[in-house]
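Remarks on the structure that follows.
There are 2 protein chains.
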Amino acid sequence: MTNQGFTIWFTGLSGSGKSTLATYLMPILKERGKNVEILDGDEVRENLSKGLGFSKEDRDTNIRRIGFVANMLARNNCVAITAAISPYREIRDEVRKKTQAAFVEVYVEASLDILEERDTKGLYKKARAGIIKNFTGVSDPYEAPEKPEVVVHTGTESIEQSAAKILAYLETKGLIAPKKVGAKV
Amino acid sequence: MTNQGFTIWFTGLSGSGKSTLATYLMPILKERGKNVEILDGDEVRENLSKGLGFSKEDRDTNIRRIGFVANMLARNNCVAITAAISPYREIRDEVRKKTQAAFVEVYVEASLDILEERDTKGLYKKARAGIIKNFTGVSDPYEAPEKPEVVVHTGTESIEQSAAKILAYLETKGLIAPKKVGAKV
Chain A
607 MTNQGFTIWF TGLSGSGKST LATYLMPILK ERGKNVEILD GDEVRENLSK
657 GLGFSKEDRD TNIRRIGFVA NMLARNNCVA ITAAISPYRE IRDEVRKKTQ
707 AAFVEVYVEA SLDILEERDT KGLYKKARAG IIKNFTGVSD PYEAPEKPEV
757 VVHTGTESIE QSAAKILAYL ETKGLIAPKK VGAKV
Chain B
607 MTNQGFTIWF TGLSGSGKST LATYLMPILK ERGKNVEILD GDEVRENLSK
657 GLGFSKEDRD TNIRRIGFVA NMLARNNCVA ITAAISPYRE IRDEVRKKTQ
707 AAFVEVYVEA SLDILEERDT KGLYKKARAG IIKNFTGVSD PYEAPEKPEV
757 VVHTGTESIE QSAAKILAYL ETKGLIAPKK VGAKV
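Top line first, the protein sequences correspond to chains A and B.
Numbering-wise (our numbering), the first sequence opens with residue 607 and increments by one.
Numbering-wise (our numbering), the second sequence opens with residue 607 and increments by one.
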């Protein structure tokens with residue numbers, strides 16, 4: 607069981623905590639005996655999608671590439687964690703269908719109000735000012751998943767609470783071994 | 607030991623037998639307990655590099671992408687077998703340097719005369735007629751590796767002989783377990 611690969615596909619607005627959650631989960635999953643790889647939106651754009659922009663077509667191409675690599679990892683017993691906004695439902699569902707291993711879609715929900723208030727990277731301000739075009743949630747659509755495997759509310763939950771929900775789901779489905787007695791994670 | 611990932615990086619002219627050798631090796635390596643993934647030039651172009659052409663710059667980008675994915679697989683205990691022409695030495699060496707696992711470059715050598723004679727896909731004929739541009743070996747350069755880990759001569763060796771050379775190298779380096787007594791592969 608513990609040798610089984612799968613994909614954790616995070617989706618959510620910019621700044622909602624996808625990469626933070628991915629980075630938080632990685633050592634925990636390794637502790638549980640898994641090989642883990644994070645496919646971060648920015649890293650993938652640099653290495654697999656340089657030249658692509660943020661039009662719907664280019665975003666879709668980028669997401670398909672992430673899905674292609676995640677599937678390769680997952681079918682080889684690795685946990686692939688993706689942390690791209692992936693705003694379009696149809697492409698996420700297309701990737702899910704093509705994946706030859708368990709696919710765990712995690713909707714990282716946080717209200718736009720909270721995210722604009724935080725605005726840790728100043729991106730929302732730039733998007734509102736029109737300096738950044740095609741910004742998801744401001745000038746570009748975000749389509750929330752209809753039936754995600756897990757929903758976390760990062761505007762109101764702590765990272766520990768959100769991570770615990772995801773780990774509980776993975777344990778229930780037999781995708782990871784239960785926490786060892788006395789272990790922290 | 608047998609859980610260790612690595613990259614087998616085939617390089618050689620079109621039609622030299624890179625994909626054939628990759629496909630031949632895959633079940634043998636699985637039999638020896640490895641997870642194996644083939645990154646075929648054409649498949650990668652379709653899924654990761656659509657829109658790229660065959661200029662030096664575009665070829666280099668394509669090879670870097672293959673290297674990026676192969677490294678992800680190899681560092682997660684998978685065997686990544688790449689089967690793209692990868693004509694430029696500098697980029698192959700760049701990929702080798704970035705790879706965080708053993709890197710086994712296999713030069714699939716066959717003379718242009720033999721390959722043009724065979725021309726199983728009719729590509730050389732089209733390249734000579736100028737119908738296909740930037741064709742490696744005809745209208746585009748091929749830079750053979752200077753210190754490949756293995757050289758196979760597919761113009762004169764059988765596929766079994768070439769595969770045996772590669773497997774012997776992998777065994778010697780402790781990258782795969784030796785053949786079981788009585789096993790065919």
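We treat Cβ as the ideally placed atom computed from N, Cα and C, and that holds for glycine.
Counting only beta-carbon atoms, is residue i nearer than 8 Å to chain A?
{"i": "Met632 of chain B", "result": "no"}
{"i": "Thr608 of chain B", "result": "Model confidence at Thr608 of chain B stands at a pLDDT of 49, short of 50, so the residue's coordinates are unreliable and nothing is read from them."}
{"i": "Glu643 of chain B", "result": "yes"}
{"i": "Leu773 of chain B", "result": "no"}
{"i": "Glu777 of chain B", "result": "no"}
{"i": "Leu635 of chain B", "result": "no"}
{"i": "Leu627 of chain B", "result": "no"}
{"i": "Leu679 of chain B", "result": "yes"}
Measure from the C-beta of residue i to each C-beta in chain B and report whether the shortest distance is under 8 Å.
{"i": "Val710 of chain A", "result": "no"}
{"i": "Ser692 of chain A", "result": "no"}
{"i": "Val714 of chain A", "result": "no"}
{"i": "Val701 of chain A", "result": "no"}
{"i": "Lys781 of chain A", "result": "The question names Lys, yet the displayed sequence has Leu at residue 781 of chain A. So no, Leu781 of chain A is outside the interface."}
{"i": "Arg665 of chain A", "result": "no"}
{"i": "Arg671 of chain A", "result": "yes"}
{"i": "Asn653 of chain A", "result": "yes"}
Taking the alpha-carbon of residue i as reference, which of the options has the nearest alpha-carbon?
{"i": "Glu643 of chain B", "options": "B:Phe674, B:Thr705, B:Ala680 and B:Arg651", "result": "B:Ala680"}
{"i": "Ile614 of chain A", "options": "A:Ala769, A:Ile720 and A:Ile737", "result": "A:Ala769"}
{"i": "Gly780 of chain B", "options": "B:Arg638, B:Arg702 and B:Arg695", "result": "B:Arg638"}
{"i": "Val685 of chain B", "options": "B:Ser661, B:Glu763 and B:Phe612", "result": "B:Phe612"}
{"i": "Ile687 of chain A", "options": "A:Ser655, A:Glu696 and A:Val675", "result": "A:Val675"}
{"i": "Val710 of chain B", "options": "B:Glu766, B:Gly673, B:Asp648 and B:Glu763", "result": "B:Gly673"}
{"i": "Arg651 of chain A", "options": "A:Lys636, A:Asn668 and A:Leu635", "result": "A:Asn668"}
{"i": "Glu700 of chain B", "options": "B:Ile634, B:Asn682, B:Arg670 and B:Glu723", "result": "B:Arg670"}
{"i": "Phe741 of chain A", "options": "A:Gly659, A:Lys786 and A:Gly623", "result": "A:Gly659"}
{"i": "Asn683 of chain A", "options": "A:Gln610, A:Thr778 and A:Ala774", "result": "A:Gln610"}
{"i": "Val756 of chain A", "options": "A:Ser764, A:Ala774, A:Glu766 and A:Ile765", "result": "A:Ala774"}
{"i": "Lys624 of chain B", "options": "B:Lys785, B:Thr778, B:Val758 and B:Pro751", "result": "B:Val758"}
{"i": "Pro751 of chain B", "options": "B:Arg702, B:Pro633, B:Leu654 and B:Lys656", "result": "B:Arg702"}
So, are the CB atoms of residue i and residue j less than 8 Å apart?
{"i": "Tyr631 of chain A", "j": "Ile772 of chain A", "result": "Checking the displayed sequence, the identity of residue 631 of chain A turns out to be Leu instead of Tyr. Yes, Cβ-Cβ distance for Leu631 of chain A and Ile772 of chain A is below 8 Å."}
{"i": "Ala628 of chain A", "j": "Ala689 of chain A", "result": "yes"}
{"i": "Ala733 of chain A", "j": "Gly761 of chain A", "result": "no"}
{"i": "Lys640 of chain A", "j": "Asn677 of chain A", "result": "no"}
{"i": "Pro747 of chain B", "j": "Val712 of chain B", "result": "no"}
{"i": "Ser692 of chain B", "j": "Thr617 of chain B", "result": "yes"}
{"i": "Leu776 of chain B", "j": "Gly621 of chain B", "result": "no"}
{"i": "Tyr730 of chain B", "j": "Val714 of chain B", "result": "no"}
{"i": "Tyr694 of chain B", "j": "Lys739 of chain B", "result": "no"}
{"i": "Asp666 of chain B", "j": "Ile697 of chain B", "result": "yes"}
{"i": "Ile782 of chain A", "j": "Leu645 of chain A", "result": "no"}
With hydrogens ignored, establish whether the beta-carbon of residue i is closer than 7 Å to any heavy atom of the ligand COA.
{"i": "Ser692 of chain A", "result": "The ligand COA is not part of the structure shown, which contains no ligands of any sort."}
Run through chain A and tell me which residues come within less than 9 Å of residue i, C-beta to C-beta.
{"i": "Arg698 of chain B", "result": "Per Cβ cutoff of 9 Å: no residues; Arg698 of chain B is ~17 Å from chain A at best."}
{"i": "Leu729 of chain B", "result": "What Leu729 of chain B touches in chain A: nothing, since even the nearest Cβ is about 26 Å away."}
List the residues of chain A whose Cβ lies closer than 7 Å to the Cβ of residue i, in chain order.
{"i": "Asn683 of chain B", "result": "Asn641"}
{"i": "Phe674 of chain B", "result": "Asn653 and Leu654"}
Contained beta strand (DSSP E) runs [length at least 3] in the stretch 698 to 753 of chain B, N- to C-terminal order: 708 to 715
Inside the stretch 633 to 658 of chain A only - alpha helix (DSSP H) runs reaching at least 4 residues: 647 to 654
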